[in-house]
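What follows is one structure encoded as structure tokens, with my remarks underneath.
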Amino acid sequence: LPMFDQFDWENIKSSVESELGQKCRGWNRIVTHALEQVRDYCHENDIHLTEVSQIKEKFGELRIYYSDPSEDQMIQIYVGQAITKANVSCEHCGNACQTQRPGGCWRNLCCWCAHKLAEDRKQKPAFNHEAALMMAIFNA
Numbered sequence: 016l017p018m019f020d021q022f023d024w025e026n027i028k029s030s031v032e033s034e035l036g037q038k039c040r041g042w043n044r045i046v047t048h049a050l051e052q053v054r055d056y057c058h059e060n061d062i063h064l065t066e067v068s069q070i071k072e073k074f075g076e077l078r079i080y081y082s083d084p085s086e087d088q089m090i091q092i093y094v095g096q097a098i099t100k101a102n103v104s105c106e107h108c109g110n111a112c113q114t115q116r117p118g119g120c121w122r123n124l125c126c127w128c129a130h131k132l133a134e135d136r137k138q139k140p141a142f143n144h145e146a147a148l149m150m151a152i153f154n155a
């Protein structure tokens, strides 16, 4: 994977935003926090900071790729925890969510952000809560 030039361990927030985009405020906070923990841990333990190659969403899941993957268990834990948390958090706001497929693309959006996205696209949400409730009542 090509390494992106703008990753800066001294300005992690900006680097993460340049990879995920500013709309992904929920995921940006999670990834920024995890990479700040990695940076601080490496500084405290005199460990070389690895080069982050890419941070992205693929099929509704967060992916963090870095060169020379560290065998240090704490670094793997920090990155793994961020991925696990992001995969159940709305990429826009950070609320709890489920992976959805609005408009054909997999996204991690809470119900509020999914409805906002649907309104912005002037289409109905992929999941109709009222119809599901009616079906549950009807089938009970």
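Numbering follows my numbering, with no gaps: position 132 of the sequence shown is 147. Cβ coordinates follow ideal geometry from the N, Cα and C atoms, glycine included. Values in this document were obtained by computation on a predicted structure and should not be read as measured data.
CA-CA distance, Gly75 and Asn123? The count along the sequence shown starts at 1 and reaches residue 75 at position 60. The count along the sequence shown starts at 1 and reaches residue 123 at position 108. Going by the C-alpha atoms only, they are around 6 Å apart.
In this structure, what does DSSP give as the bridge partners for Ser104? Looking up residue 104 in the sequence shown gives position 89. Ala111, per the DSSP bridge assignment.
Is the separation between the beta-carbon of Thr65 and that of Tyr81 shorter than 8 Å? Numbered from its first residue, the sequence shown carries residue 65 at position 50. Numbered from its first residue, the sequence shown carries residue 81 at position 66. Yes. Within cutoff.
Are Gly41 and Cys120 touching if we call contact CB-CB under 8 Å? As a first step, residue 41 must be located in the sequence shown, where it is residue number 26. As a first step, residue 120 must be located in the sequence shown, where it is residue number 105. No, they are not a contact pair.
Go ahead and pull the three-state DSSP assignment for Ser33. The count along the sequence shown starts at 1 and reaches residue 33 at position 18. Note: Ser33 maps to helix in three-state DSSP.
Pairs of beta-carbons, one from the stretch 53-60 and one from the stretch 29-45, closer than 8 Å: are there three or more? no
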